[in-house]
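Asks: For the sequence shown, the working numbering gives the first residue as 1, with consecutive numbering after it.
Think of the CB as a built atom: it goes at the ideal place given N, C-alpha and C, for glycine as much as any other residue.
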Amino acid sequence: MAIYNINEVFTPTRPARKNFIKRKPLDKRLQRALKTPGMQVVIYGHSGSGKTTLLLNKLKELNLKFVKTNCTANMTFDDLLSNVYIKLDKELPPKKIDKEKQVGGGKLSLATIASFNSSTTSENTTERSFISPFSSIELTLSKTIGEKESIWVIEDFHKLEVDVKSKLAQLMKVFMDLSDEYSKLKIVALGAKNTAREVVELDSEMQNRVSEIYVPLMNDEEICKIVENGTNLLNISAKEHVINDVVDHSHGVASICHQLCLLMCKSVDIDSTDEYDSGVELDFEDFNFAASEYIQQVSDTLKSAFQKAMKIPRSNEILSCLAENDIDGVELQDLVEYINENFDAVEITQTTLEEPLSKLSCADHGSVLMYNEQSENYSFKDPFYRLFAKLFLKESHKKKRLSASEVNKMFNQLILSAKRSYSNPSNNLANSTDTLFNDKSDIDDAEKLSNKWKKSQSRINRTTE
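#1: If distances are taken between C-alpha atoms only, which option among G50, N288, M410 comes closest to V518?
#2: Just reading off the alpha helix (DSSP H) that S255 is part of, what are its end residues?
#3: Considering only their Cβ atoms, is the gap separating V242 from M264 smaller than 9 Å?
#4: Just list the residues that DSSP pairs L391 with in beta bridges.
#5: Tell me, which residues are paired with S191 by DSSP?
#6: Leaving out five residues before and five after P15 in sequence, what residues of the same chain have Cβ atoms less than 8 Å from its Cβ?
#7: According to DSSP, is Y338 helix, strand or coil?
#8: Would you mind reading off the limits of the alpha helix (DSSP H) that contains I318?
#9: Do E138 and L171 count as a contact pair if the criterion is CB distance below 9 Å?
#10: Where does L178 sit, in a helix, a strand or coil, going by DSSP?
#11: Span of the beta strand (DSSP E) holding N74?
#12: Residues in its own chain within less than 8 Å of D163 by CB, not counting five upstream and five downstream?
#13: Where does M172 sit, in a helix, a strand or coil, going by DSSP?
#14: What separation, rounded to the nearest whole angstrom, lies between the Cα atoms of E181 and K173?
#15: Okay, do the region 143 to 154 and the region 56 to 71 touch, 3+ Cβ pairs below 8 Å being the bar?
#16: Going by beta carbon distance, what residues of the same chain come within less than 8 Å of T349, once the five residues before and after it are set aside?
#17: Need the endpoints of the alpha helix (DSSP H) that L369 sits in, please.
#18: Pair every Cβ in the region 287 to 297 with every Cβ in the region 21 to 29, then say whether three or more of these pairs are closer than 8 Å.
#19: Rounded to the nearest angstrom, what separates G191 and T72 at their Cα positions?
#20: Using 10 angstroms around the beta-carbon of K60, count the other beta-carbons present and answer buried if the total reaches 16, otherwise exposed.
#21: Taking the alpha carbon of L391 as the point to measure from, which residue in A418, S379, D271, S367 has its own alpha carbon closest?
#22: Per the DSSP calculation, A238 is bridged to which residue(s)?
#23: Excluding sequence positions up to five away, which residues of its chain have a Cβ less than 7 Å from the Cβ of E341?
#24: Which word fits I3, buried or exposed, when buried means at least 16 other C-beta atoms lie within 10 angstroms of its C-beta?
#25: According to DSSP, which residues form a beta bridge with I86?
#26: Under three-state DSSP, which class holds Y4?
#27: Between which two residues does the alpha helix (DSSP H) harbouring V227 extend?
#28: Going by beta carbon distance, what residues of the same chain come within less than 7 Å of V9, once the five residues before and after it are set aside?
#29: Check each candidate in E205, S237, R209, N244 and name the one with the smallest Cα separation from C224.
#30: Would you mind working out which of T13, V407, S358, L282 sits nearest S237, comparing C-alpha positions?
#31: For a cutoff of 9 Å on Cβ pairs, would you count S405 as touching chain C?
#32: What is the DSSP secondary structure of S183, counted as helix, strand or coil?
#33: Does the distance from the C-beta atom of L322 to that of L369 stay below 9 Å?
#34: Could you have a look at K22 and say whether DSSP puts it in helix, strand or coil?
#35: Taking the C-alpha atoms as reference points, what is the distance between T11 and A254?
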């Protein structure tokens with residue numbers, strides 16, 4: 001029997017290896033793109049959809065070498081090039097640069113200059129650097145990566161500024177033009193859902209030269225396979241209703257599934273494959289422990305997300321609608337109809353909600369919501385966000401104006417209430433001495449939220465006990 005450490009099996013913070021679930025249509029599409037000389041690749045989708053895991057496992061399977069750059073919001077084009085050169089252990093020869101006539105990549109940061117051992121004089125600068133006319137930068141970088149028979153993987157492409165994205169789009173053309181000489185040379189950019197559209201819009205010539213691969217959130221069967229495959233590797237099992245609850249709460253996000261499974265294993269003290277066939281079976285109390293711990297882990301994120309979200313116009317109406325509907329979310333027109341029917345305001349249209357919905361789905365504003373391009377539904381990021389929103393909306397409606405300290409206190413109480421709905425299932429919210437709810441209807445609604453997230457059209461055969 002092979003022995004696996006639990007951190008090899010359930011990997012919420014890094015790409016899955018041992019417990020990688022292959023998604024055949026995506027896998028074939030990506031393989032064709034990677035094997036086509038000159039074809040540049042853009043992999044895009046929601047955070048947590050499995051973009052990086054998909055790519056890294058395919059690169060390993062095809063035995064392709066790569067150099068990877070993780071983008072940040074403040075990265076310049078110079079920073080990106082510097083990152084690649086350092087990782088390839090490559091330097092350009094020293095050259096003389098007239099500061100008054102300098103063109104191209106711009107001024108390097110002190111950290112980057114230091115990495116190339118630069119020296120300065122009062123009038124001119126002599127340094128080991130890649131600052132040069134733009135065409136020279138493109139050609140030199142392309143050949144350097146091509147000689148290494150590598151692929152350049154650019155993660156979080158969407159975080160870059162528009163001017164940096166534009167230069168990278170131009171660089172993709174250079175990579176493509178050199179593919180006759182270097183057949184494996186290409187850029188693979190990973191990013192949020194609009195990444196592919198941005199690349200083409202920045203340079204229209206890339207329209208037929210980029211393979212756009214959309215990675216949707218996982219479906220129920222794929223999330224289920226993560227649980228089943230992981231428990232098999234650890235030689236334990238999980239009851240069917242527990243698997244169903246993990247599937248429901250993961251909401252298509254593999255990292256949430258991995259985190260819940262990891263925490264359930266911690267609940268029964270499983271740190272590696274059970275060599276002794278102890279018959280460990282994960283049950284409701286293990287899931288409740290995992291859900292409670294998960295809420296505690298993301299509590300600051302939850303509070304921050306909702307504090308940002310509530311500053312957006314129309315957020316209260318939008319969140320109210322989604323909290324009252326199925327966890328799978330609603331279409332834009334349904335949102336419009338709900339708001340027009342339930343709020344005393346000027347009648348709105350779909351156009352009215354486009355901007356607030358975009359912001360509520362954006363990381364800069366907390367990413368409380370997500371948009372599913374397949375179903376065309378807007379929904380909460382995951383059921384934990386929906387639970388928190390339900391509790392938050394009930395409490396915030398009791399008092400129209402809250403001070404900053406009152407808001408912070410309320411958020412802390414909401415986190416405790418959300419945890420309690422899982423961590424103490426035998427003592428429901430009605431029996432809690434510090435419950436937030438003042439009437440029976442509030443309590444009933446909260447109890448229904450505890451872990452009753454059964455989807456209306458699940459693909460998994462669910463049973464009740």
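Replies: According to the structure data:
#1: For residue 518 there is no data in the structure shown, the boundaries of the chain being 1 and 465.
#2: Position 255 of the sequence shown, counted from the start, is the residue given in the question as residue 255. S255 -> alpha helix (DSSP H) spans 254 to 267.
#3: In the sequence shown, the residue the question calls residue 264 occupies position 264. In the sequence shown, the residue the question calls residue 242 occupies position 242. Yes; because the gap between Cβ atoms is below 9 Å, this pair is in contact.
#4: Residue mapping note: residue 391 aligns to position 391 of the sequence shown, counting from 1. In DSSP, L391 forms no bridge with anything.
#5: Counted from its first residue, the sequence shown places residue 191 at position 191. Note on residue identity: the sequence assigns Gly, not Ser, to residue 191. Note: G191 sits in a beta bridge opposite Y44.
#6: Along the sequence shown, read from residue 1 onward, the residue named residue 15 stands at position 15. Excluding residues up to 5 positions away in sequence, T52, T53, L56, N57 lie with their Cβ nearer than 8 Å to the Cβ of P15 in the same chain.
#7: Within the sequence shown, numbered from 1, the residue matching residue 338 stands at position 338. Of the three classes helix, strand and coil, the one that applies to Y338 here is helix, per DSSP.
#8: Numbered from 1 along the sequence shown, position 318 holds the residue referred to as residue 318. First-last of the alpha helix (DSSP H) with I318: 315 to 324.
#9: Within the sequence shown, residue 171 is the residue found at index 171, counting from 1. Within the sequence shown, residue 138 is the residue found at index 138, counting from 1. With contacts defined by Cβ atoms closer than 9 Å, L171 and E138 form a contacting pair.
#10: As a working mapping, residue 178 is identified with position 178 in the sequence shown. Reduced to three states, the DSSP call for L178 is coil.
#11: The residue labelled residue 74 in the question sits at position 74 within the sequence shown. Per DSSP, N74 belongs to no beta strand (DSSP E) and is neither H nor E.
#12: One-based indexing of the sequence shown puts residue 163 at position 163. Counting only Cβ-Cβ distances below 8 Å, and skipping sequence neighbours, we find F77.
#13: In the sequence shown, the residue the question calls residue 172 occupies position 172. Under the three-state reduction of DSSP output, M172 falls in the helix class.
#14: Along the sequence shown, one-based indexing puts residue 181 at 181. Along the sequence shown, one-based indexing puts residue 173 at 173. Take the alpha-carbon of E181 and the one of K173: they are about 14 Å apart.
#15: Below 8 Å, enough C-beta pairs join the region 143 to 154 and the region 56 to 71 to call them touching: three or more.
#16: The residue given as residue 349 occupies position 349 in the sequence shown. Excluding positions up to five away in sequence, the list reads V336.
#17: Here residue 369 refers to the residue found at position 369 of the sequence shown. It is not in any alpha helix (DSSP H) - L369 instead sits in the beta strand (DSSP E) that spans 369 to 372.
#18: The region 287 to 297 vs the region 21 to 29: no contact.
#19: Walking along the sequence shown from the start, residue 191 turns up at place 191. Walking along the sequence shown from the start, residue 72 turns up at place 72. CA-CA distance, G191 to T72, rounds to 12 Å.
#20: Along the sequence shown, one-based indexing puts residue 60 at 60. With fewer than 16 other Cβ atoms within 10 Å, it is exposed.
#21: Numbered from 1 along the sequence shown, position 391 holds the residue referred to as residue 391. Nearest of A418, S379, D271, S367 to L391, Cα basis: A418.
#22: Residue 238 sits at position 238 when you count from the first residue of the sequence shown. Per DSSP, L282.
#23: In the sequence shown, residue 341 corresponds to position 341, counting from 1. There are no such residues.
#24: As a first step, residue 3 must be located in the sequence shown, where it is residue number 3. Label assigned to I3: exposed.
#25: On the sequence shown, residue 86 is found 86 positions in, with the first residue counted as 1. None, per the DSSP bridge assignment.
#26: Taking the first residue of the sequence shown as 1, we reach residue 4 at position 4. Of the three classes helix, strand and coil, the one that applies to Y4 here is coil, per DSSP.
#27: Position 227 of the sequence shown holds residue 227. 220 to 233 is the extent of the alpha helix (DSSP H) around V227.
#28: Translated into positions along the sequence shown, residue 9 becomes position 9. K18, N19, G230, L233, L234.
#29: Position 224 of the sequence shown, counting from 1, holds the residue named residue 224. If we check each option's Cα against that of C224, N244 comes out closest.
#30: Here residue 237 corresponds to residue number 237 of the sequence shown, with the count starting at 1. Out of T13, V407, S358, L282, L282 has the C-alpha closest to the C-alpha of S237.
#31: Among the chains of the structure shown, chain C does not appear; only one protein chain is present.
#32: What you label residue 183 is simply residue 183 of the sequence shown in a count that begins at 1. The answer is coil: DSSP assigns S183 none of H, G, I, E or B.
#33: Counted from its first residue, the sequence shown places residue 322 at position 322. Counted from its first residue, the sequence shown places residue 369 at position 369. Yes; because the gap between Cβ atoms is below 9 Å, this pair is in contact.
#34: Mapped onto the sequence shown, residue 22 falls at position 22. DSSP places K22 in coil when its eight states are reduced to three.
#35: Translated into positions along the sequence shown, residue 11 becomes position 11. Translated into positions along the sequence shown, residue 254 becomes position 254. Answer to the nearest angstrom: the Cα atoms are 9 Å apart.
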